[in-house]
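Chemist:
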Amino acid sequence: MQQRSGDEGPLDHRRPPGVDDATVEAVGQLSEALEWVERARGQLYSFHQLLGHADLLLGEAVEQLREAGHTEIADRLAEELIGRNVLEGRWTFQIVEEFDRLYHDAVVAAESRVRDELVAGRRHVFES
156 MQQRSGDEGP
166 LDHRRPPGVD
176 DATVEAVGQL
186 SEALEWVERA
196 RGQLYSFHQL
206 LGHADLLLGE
216 AVEQLREAGH
226 TEIADRLAEE
236 LIGRNVLEGR
246 WTFQIVEEFD
256 RLYHDAVVAA
266 ESRVRDELVA
276 GRRHVFES
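End of the sequence shown = 283 in our numbering, gap-free, step of one.
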């Protein structure tokens, strides 16, 4: 990353010539929205991992119930809970994939396109 002299920040974050305050602020707002979308996406990955871990624990509990002689209960729990969809017809990884395909990828592309069109593709111009 190139640095300008003094404390004005890196060149790739500097406002391009001719770009007004309102444009910089609007693009900054769009970039902040993308950051919140990324946080939401991270929460979906956490959701996926948390439920995957819960499913493993359920499987272990089923095996422990079998070993303790509670085969009928273990069989019922295995049938009702292990590998169960969390939404109709979808496992958690499918939720993440659908979010990426339908929403996340569109927001990322739009934010990048607007930055390219209005601030020469530079990131964090508003913050700098």
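Where a beta carbon is used, it is the ideal one built from N, C-alpha and C, also for glycine. All values derive from a computational prediction rather than experimental measurement.
Less than 8 Å between the C-beta atoms of L236 and L213, yes or no?
Modeler: For L236 and L213, yes; Cβs fall inside 8 Å.
Chemist: Comparing alpha-carbon positions, which option in R221, V241, G244 and E243 lies nearest A233?
Modeler: Checking every option, the nearest Cα to that of A233 belongs to R221.
Chemist: For D210, which residues in the same chain have their Cβ closer than 7 Å to its Cβ, ignoring the five residues on either side in sequence?
Modeler: Closer than 7 Å at the Cβ level, and outside the excluded window around D210, lie I237 and G238.
Chemist: Return yes when the Cβ of S267 is within less than 8 Å of the Cβ of R169, no when it is not.
Modeler: No. Outside cutoff.
Chemist: Do the segment 244-264 and the segment 171-178 meet, that is, are 3 or more Cβ pairs less than 8 Å apart?
Modeler: The segment 244-264 vs the segment 171-178: no contact.
Chemist: If we count the other Cβ atoms within 10 Å of its Cβ and call it buried at 16 or more, is S201 buried or exposed?
Modeler: It counts as exposed.
Chemist: How would you write the range of the alpha helix (DSSP H) that Y258 sits in, first residue to last?
Modeler: Taken as a continuous stretch (DSSP letters only), Y258 belongs to no alpha helix (DSSP H), as it is neither H nor E.
Chemist: Let me know the secondary structure DSSP gives R170 once reduced to three states.
Modeler: In this structure, R170 counts as coil in the three-state DSSP scheme.
Chemist: Around the C-beta of V179, are 16 or more other C-beta atoms found within 10 angstroms, so that it is buried, or is it exposed?
Modeler: The residue in question, V179, is buried, as its Cβ has 16 or more Cβ neighbours within 10 Å.
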